[in-house]
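S.K.: Mind having a look at this structure? Questions to follow.
Number of protein chains: 2
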Amino acid sequence: MALKKFINASEDLVEEMLEGFVAANSDKVEFRDERVLARKDAPVSDKVGLVTGGGSGHQPALIGYLGEGMFDAIAVGDIFAAPGFEPCYKAIKAADSGDGVLVTIGNYDGDKMYFGMAVDELKEEGHDVETIIINDDVLSSDDPENRRGIAGEIVVWKVAGALAEEGASLEKMKKLGEETLSKTRSAGVAHSPCIMPSSGEPSFEIGPNEMEIGVGHHGEPGIERVEMKSADETTDILMEHILADYSYEAGDDVLVIINGLGSTSLLEMKIVFKRVKEILDDKDISVYESWIGNFFTSMEMGGFSITLTQLTEETKRLIDAPVDAVQFPLP
Amino acid sequence: MALKKFINASEDLVEEMLEGFVAANSDKVEFRDERVLARKDAPVSDKVGLVTGGGSGHQPALIGYLGEGMFDAIAVGDIFAAPGFEPCYKAIKAADSGDGVLVTIGNYDGDKMYFGMAVDELKEEGHDVETIIINDDVLSSDDPENRRGIAGEIVVWKVAGALAEEGASLEKMKKLGEETLSKTRSAGVAHSPCIMPSSGEPSFEIGPNEMEIGVGHHGEPGIERVEMKSADETTDILMEHILADYSYEAGDDVLVIINGLGSTSLLEMKIVFKRVKEILDDKDISVYESWIGNFFTSMEMGGFSITLTQLTEETKRLIDAPVDAVQFPLP
Chain W
0 MALKKFINAS
10 EDLVEEMLEG
20 FVAANSDKVE
30 FRDERVLARK
40 DAPVSDKVGL
50 VTGGGSGHQP
60 ALIGYLGEGM
70 FDAIAVGDIF
80 AAPGFEPCYK
90 AIKAADSGDG
100 VLVTIGNYDG
110 DKMYFGMAVD
120 ELKEEGHDVE
130 TIIINDDVLS
140 SDDPENRRGI
150 AGEIVVWKVA
160 GALAEEGASL
170 EKMKKLGEET
180 LSKTRSAGVA
190 HSPCIMPSSG
200 EPSFEIGPNE
210 MEIGVGHHGE
220 PGIERVEMKS
230 ADETTDILME
240 HILADYSYEA
250 GDDVLVIING
260 LGSTSLLEMK
270 IVFKRVKEIL
280 DDKDISVYES
290 WIGNFFTSME
300 MGGFSITLTQ
310 LTEETKRLID
320 APVDAVQFPL
330 P
Chain R
0 MALKKFINAS
10 EDLVEEMLEG
20 FVAANSDKVE
30 FRDERVLARK
40 DAPVSDKVGL
50 VTGGGSGHQP
60 ALIGYLGEGM
70 FDAIAVGDIF
80 AAPGFEPCYK
90 AIKAADSGDG
100 VLVTIGNYDG
110 DKMYFGMAVD
120 ELKEEGHDVE
130 TIIINDDVLS
140 SDDPENRRGI
150 AGEIVVWKVA
160 GALAEEGASL
170 EKMKKLGEET
180 LSKTRSAGVA
190 HSPCIMPSSG
200 EPSFEIGPNE
210 MEIGVGHHGE
220 PGIERVEMKS
230 ADETTDILME
240 HILADYSYEA
250 GDDVLVIING
260 LGSTSLLEMK
270 IVFKRVKEIL
280 DDKDISVYES
290 WIGNFFTSME
300 MGGFSITLTQ
310 LTEETKRLID
320 APVDAVQFPL
330 P
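Order-wise, the sequence lines are chains W and R. So the first sequence is numbered by numbering that gives the first Met the number 0: it starts at 0 and just counts up by one. So the second sequence is numbered by numbering that gives the first Met the number 0: it starts at 0 and just counts up by one.
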């Protein structure tokens, strides 16, 4: 069976994609190295830099979030693979105007290792760098230390990015970013894998009638494989896990993200949102804002995740703050 | 095989989706009837109304384009099916502040029939209504009269919507909308169908190694079925058809749309854009603006289309004009 993807040689895929991305957005972004993209005006004076990095295959994440109000620089890896030490090092350096840099990455070993090495090196060179490791996926482990980062990462990025534009200190960004993360929980489901462009193999195997609760962005195993269920039943399962893990209370204002993994339609996501809102309405929890769309995909994977963040007056302001990243705001 | 879609009863799908959509965007849109959505402030005084309608399953089109700078009201049909007379009639009426209404729809029989009846009826009642039928898909027929409307519709909507906000007359909107359409050409390809939620059947049949050049948004037959090709080869084929059908000339400024049909990733679309830009660079045609993303989908169909519009100073200004629709701008 032929690979049904519009690519050229798979070994050129990331480079060609980056070239197309930069060509389409040359008013906002530029290469700083083969695998480092940055805002054209980075490093921005009197502003803490915000940096991330990780594997490709998740667009619009990560590179779509470069720009005012979000990231200054991003280190780009191969499909689902961590960027090496050098891109991590160069991305942080590109973002530092002398006011320091906050690195916010998902809780994945490769990303942590290479960013960790880069941060150590840059600290020795006198740069002020702090790191937030994002672990919002409640279904990836009972132990929060071992939980993966999924669509909840976007909330932390938006809050930290808005703070940076306001001129907040690195210390303040790290503190409020971690507080926001502590009020954020996600849970996802998938029924279809994506196909890896290099091998032509699916990211995970699943039966024609099955879906998997908790499967990760890269096809990491979830907690339970069940028969396909309705939108409402599926939403109820995910919301139960989220609500059991953090006490969202009557009177709370929350941000809701319904994140599509690639091939799940906006039509389906809106039906899911309708159910999420019914559940929250019943508990007197108010939806302050909703982001419904493909924010953090796994190429053409079929499935979605739900994220809730309990908001404060301060994070509401930061969520609402203007942002002019390449692909944010989103549908 | 189970239907791998997150829906509830398929007969409730459109209603539930609309409920979720309105709940998520209640600051901007509201129901005016079961199958009519409108901007909350419609009809807007001293502004010509802009209206469309058509089948569901194309999100963010059509309903995502409700809002300032784009649509005042939209008539919503079932999946891939025209809305009936009543929603068409009510959508136009909801948009008319007394300054008239421009209806812009794709060249599909059902949409034309019901909107045609509604327009006739409303004209008799004294409303000033004009219609543009959009037919940008060069691969759907040699005869422009029989060509379907695909992602090029969005260009006409953006131009007409921006004109309306500026206070242009209905006559001017129709004239410039049609001129813009006359400078717009699209061509698409697909390698995978979407699954119809009511029947569980694919929208078209295709082999595991095949793709089809020119297949329509609803699975309408294209012009040629070929083996899967690389991104560059596929892009070259589509661009040849577009460039053979309209004389985009050296020195022109164009808008390029790379529109994903659902499950084709942004990663692939950027590789396609890179090739489109190379082809245009070679001809000294300048990309003034590019829109790359899922603007007009067919649920989870796999494929994309390319659209080119030759811009004038006036349409550049209108393309750049502010817009605050629910899901526009897009990634």
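For every residue, glycine included, the Cβ atom is placed at its ideal position computed from N, Cα and C.
Using beta carbons (cut-off 8 angstroms, strictly below), is Pro86 of chain R in contact with chain W?
M.R.: Walking along the second sequence from the start, residue 86 of chain R turns up at place 87. Judged by the 8 angstroms Cβ criterion, Pro86 of chain R is not in contact with chain W.
S.K.: Using a C-beta to C-beta distance shorter than 7 angstroms, which residues of chain R count as neighbours of Glu15 of chain W?
M.R.: Your numbering for residue 15 of chain W matches position 16 in the first sequence. Those are Ile270, Lys273, listed as they occur along chain R.
S.K.: Does DSSP put Thr311 of chain W in a helix, a strand or coil?
M.R.: Stepping through the first sequence from its first residue, residue 311 of chain W is reached at position 312. Thr311 of chain W falls in the coil class under three-state DSSP.
S.K.: Just the C-alpha distance for Met268 of chain W and Asn258 of chain W, rounded to the nearest angstrom, thanks.
M.R.: The residue labelled residue 268 of chain W in the question sits at position 269 within the first sequence. The residue labelled residue 258 of chain W in the question sits at position 259 within the first sequence. Rounded to the nearest angstrom, the two C-alpha atoms are 8 angstroms apart.
S.K.: What are the boundary residues of the alpha helix (DSSP H) that Arg274 of chain W is part of?
M.R.: Position 275 of the first sequence, counted from the first residue, corresponds to residue 274 of chain W. Arg274 of chain W -> alpha helix (DSSP H) spans 265-281.
S.K.: Which residues in chain R sit within 9 angstroms of Ile6 of chain W, going by Cβ to Cβ distance?
M.R.: Taking the first sequence and counting its residues from 1, one reaches residue 6 of chain W at position 7. Ordered by position in chain R, the residues that pass the 9 angstroms Cβ test against Ile6 of chain W are Ser229, Ala230, Leu266, Glu267, Ile270.
S.K.: Determine whether the Cβ of Ala37 of chain R lies closer than 8 angstroms to any Cβ atom of chain W.
M.R.: Translated into the one-based positions of the second sequence, residue 37 of chain R becomes position 38. Not closer than 8 angstroms to any Cβ of chain W, the Cβ of Ala37 of chain R fails to qualify, so no.
S.K.: Could you compute how far the alpha carbon of Pro207 of chain W sits from the alpha carbon of Leu260 of chain W?
M.R.: Reading the first sequence from its first residue, position 208 is the one you call residue 207 of chain W. Reading the first sequence from its first residue, position 261 is the one you call residue 260 of chain W. Rounded to whole angstroms, Pro207 of chain W to Leu260 of chain W spans 18 angstroms at the Cα level.
S.K.: Could you check the C-alpha separation between Ala243 of chain W and Arg184 of chain W for me, to the nearest Å?
M.R.: The residue given as residue 243 of chain W occupies position 244 in the first sequence. The residue given as residue 184 of chain W occupies position 185 in the first sequence. The straight-line gap from Cα to Cα measures roughly 10 angstroms.
S.K.: Assign Asp142 of chain R to buried or exposed, taking buried as 16 or more other Cβ atoms, counted over all protein chains shown, within 10 Å of its Cβ.
M.R.: As a position in the second sequence, residue 142 of chain R is number 143, starting the count at 1. The residue in question, Asp142 of chain R, is exposed, as its Cβ has fewer than 16 Cβ neighbours within 10 Å.
S.K.: If we ignore side chains and look at the alpha-carbon of each, how far apart do Met116 of chain R and Asp77 of chain R end up?
M.R.: Numbered from 1 along the second sequence, position 117 holds the residue referred to as residue 116 of chain R. Numbered from 1 along the second sequence, position 78 holds the residue referred to as residue 77 of chain R. About 19 angstroms.
S.K.: So what does DSSP say about His57 of chain W, is it helix, strand or coil?
M.R.: Locating residue 57 of chain W in the first sequence gives position 58, counting from the first residue. Residue state, collapsed to three classes: coil.
S.K.: Please name the residues in the region 53-70 of chain R whose beta-carbon is closer than 8 angstroms to at least one beta-carbon of chain C, in chain order.
M.R.: Here the protein chains are W and R, and chain C is not one of them.
S.K.: Determine the extent of the alpha helix (DSSP H) in which Leu237 of chain R is found, giving its start and end residues.
M.R.: Taking the first residue of the second sequence as 1, we reach residue 237 of chain R at position 238. Run containing Leu237 of chain R: 230-244, per the alpha helix (DSSP H) assignment.
S.K.: Quick check on Tyr287 of chain W: does DSSP put it in helix, strand or coil?
M.R.: Numbered from its first residue, the first sequence carries residue 287 of chain W at position 288. Of the three classes helix, strand and coil, the one that applies to Tyr287 of chain W here is strand, per DSSP.
S.K.: Would you say Pro207 of chain W faces chain R, with C-beta separation under 8 angstroms as the test?
M.R.: Stepping through the first sequence from its first residue, residue 207 of chain W is reached at position 208. Chain R, which has a Cβ nearer than 8 angstroms to the Cβ of Pro207 of chain W, makes this yes.
S.K.: Under 8 angstroms, Cβ to Cβ, is there at least one residue of chain W near Gly218 of chain R?
M.R.: Residue mapping note: residue 218 of chain R aligns to position 219 of the second sequence, counting from 1. Taking Cβ atoms only, chain W never reaches closer than 8 angstroms to Gly218 of chain R, which makes this a no.
S.K.: Does the beta-carbon distance from Ala80 of chain R to Gly109 of chain R come in below 8 angstroms?
M.R.: Start at 1 with the first residue of the second sequence, and residue 80 of chain R comes out as number 81. Start at 1 with the first residue of the second sequence, and residue 109 of chain R comes out as number 110. Taking 8 angstroms as the Cβ cut-off, Ala80 of chain R and Gly109 of chain R qualify as a contacting pair.
S.K.: Could you check which residue in R:Asn293, R:Ala249, R:Leu279, R:Met195 has the C-alpha nearest to that of Ile6 of chain R?
M.R.: Your numbering for residue 6 of chain R matches position 7 in the second sequence. Of R:Asn293, R:Ala249, R:Leu279, R:Met195, the residue nearest in Cα terms is R:Met195.
S.K.: Using DSSP bridges, identify the partner residues of Gly180 of chain R.
M.R.: Numbered from 1 along the second sequence, position 181 holds the residue referred to as residue 180 of chain R. In the sequence as presented, Gly is not what sits at residue 180 of chain R; that position holds Leu. In DSSP, Leu180 of chain R forms no bridge with anything.
S.K.: For chain R, is any of its Cβ atoms less than 8 angstroms away from the one on Lys3 of chain W?
M.R.: Here residue 3 of chain W corresponds to residue number 4 of the first sequence, with the count starting at 1. It does; some Cβ of chain R falls within 8 angstroms.
S.K.: Would Ser262 of chain W and Met300 of chain W qualify as a contact pair, given that the criterion is a beta-carbon distance under 8 angstroms?
M.R.: By one-based count along the first sequence, residue 262 of chain W stands at place 263. By one-based count along the first sequence, residue 300 of chain W stands at place 301. Going by C-beta atoms, Ser262 of chain W is nearer than 8 angstroms to Met300 of chain W.
S.K.: From this set, W:Ser181, W:Ile305, W:Ala161, W:Val13, which residue's C-alpha is nearest Trp290 of chain W's C-alpha?
M.R.: Walking along the first sequence from the start, residue 290 of chain W turns up at place 291. Taking only the C-alpha atoms, the option nearest Trp290 of chain W is W:Ile305.
S.K.: Do we get a CB-CB distance below 8 angstroms when we pair Ala117 of chain W with the residues of chain R?
M.R.: The residue you call residue 117 of chain W lines up with position 118 of the first sequence. Chain R contact via Cβ: absent.
S.K.: Between Ala186 of chain W and chain R, is there a C-beta pair that is closer than 8 angstroms?
M.R.: Position 187 of the first sequence, counting from 1, holds the residue named residue 186 of chain W. No, Ala186 of chain W lies away from the interface with chain R (no Cβ there is under 8 angstroms from its Cβ).
S.K.: Does the region 224-238 of chain R come close enough to the region 91-98 of chain R to have 3 or more Cβ pairs within less than 8 angstroms?
M.R.: Contact fails: fewer than three Cβ-Cβ distances are below 8 angstroms.
S.K.: Which same chain residues end up closer than 6 angstroms to Glu129 of chain R when comparing Cβ atoms and leaving out the 5 residues on each side of it in sequence?
M.R.: Against the second sequence, residue 129 of chain R aligns to sequence position 130. Taken in chain order, the residues that qualify are Leu101, Leu169, Lys173.
S.K.: Run down chain R in chain order and give the residues with a C-beta less than 7 angstroms from the C-beta of His190 of chain W.
M.R.: Translated into positions along the first sequence, residue 190 of chain W becomes position 191. The answer, in chain order, is Lys3.
S.K.: Suppose you measure from the CA of Val137 of chain R to the CA of Ala74 of chain R; what does that come to, to the nearest Å?
M.R.: Counting from 1 along the second sequence, the entry for residue 137 of chain R is found at position 138. Counting from 1 along the second sequence, the entry for residue 74 of chain R is found at position 75. Answer to the nearest angstrom: the Cα atoms are 26 angstroms apart.
S.K.: Helix, strand or coil, according to DSSP, for Arg316 of chain W in the structure here?
M.R.: Position 317 of the first sequence, counted from the first residue, corresponds to residue 316 of chain W. Helix at Arg316 of chain W.
S.K.: Hey, how far is the Cα of Ala320 of chain W from the Cα of Tyr247 of chain W?
M.R.: Here residue 320 of chain W refers to the residue found at position 321 of the first sequence. Here residue 247 of chain W refers to the residue found at position 248 of the first sequence. Spanning the two alpha carbons is a distance of roughly 24 angstroms.
S.K.: Is there at least one Cβ from chain W nearer than 8 angstroms to Gly301 of chain R's Cβ?
M.R.: Working through the second sequence from its first residue, we reach residue 301 of chain R at position 302. It does: the Cβ of Gly301 of chain R has a partner Cβ on chain W nearer than 8 angstroms.
S.K.: Ignore the nearest five residues each way along the sequence and tell me which others in Ser9 of chain R's own chain have a CB closer than 7 angstroms to its CB.
M.R.: For the purposes of this step, residue 9 of chain R is identified with residue 10 of the second sequence, where counting begins at 1. Here the set comprises Pro196, Ser197.
S.K.: Looking at the unbroken alpha helix (DSSP H) that takes in Asp95 of chain R, where does it start and where does it end?
M.R.: Sequence index remark: in the second sequence, residue 95 of chain R carries index 96 (1-based). Unbroken run through Asp95 of chain R: none, as it is neither H nor E.
S.K.: With 16 other CB atoms within 10 Å as the buried threshold, where does Lys4 of chain W fall?
M.R.: Start at 1 with the first residue of the first sequence, and residue 4 of chain W comes out as number 5. Buried, since its Cβ has 16 or more Cβ neighbours within 10 Å.
S.K.: Got a sec: is the Cβ-Cβ distance from Ala23 of chain W to anything in chain R below 8 angstroms?
M.R.: Numbered from its first residue, the first sequence carries residue 23 of chain W at position 24. Closer than 8 angstroms to some Cβ of chain R, the Cβ of Ala23 of chain W qualifies, so yes.
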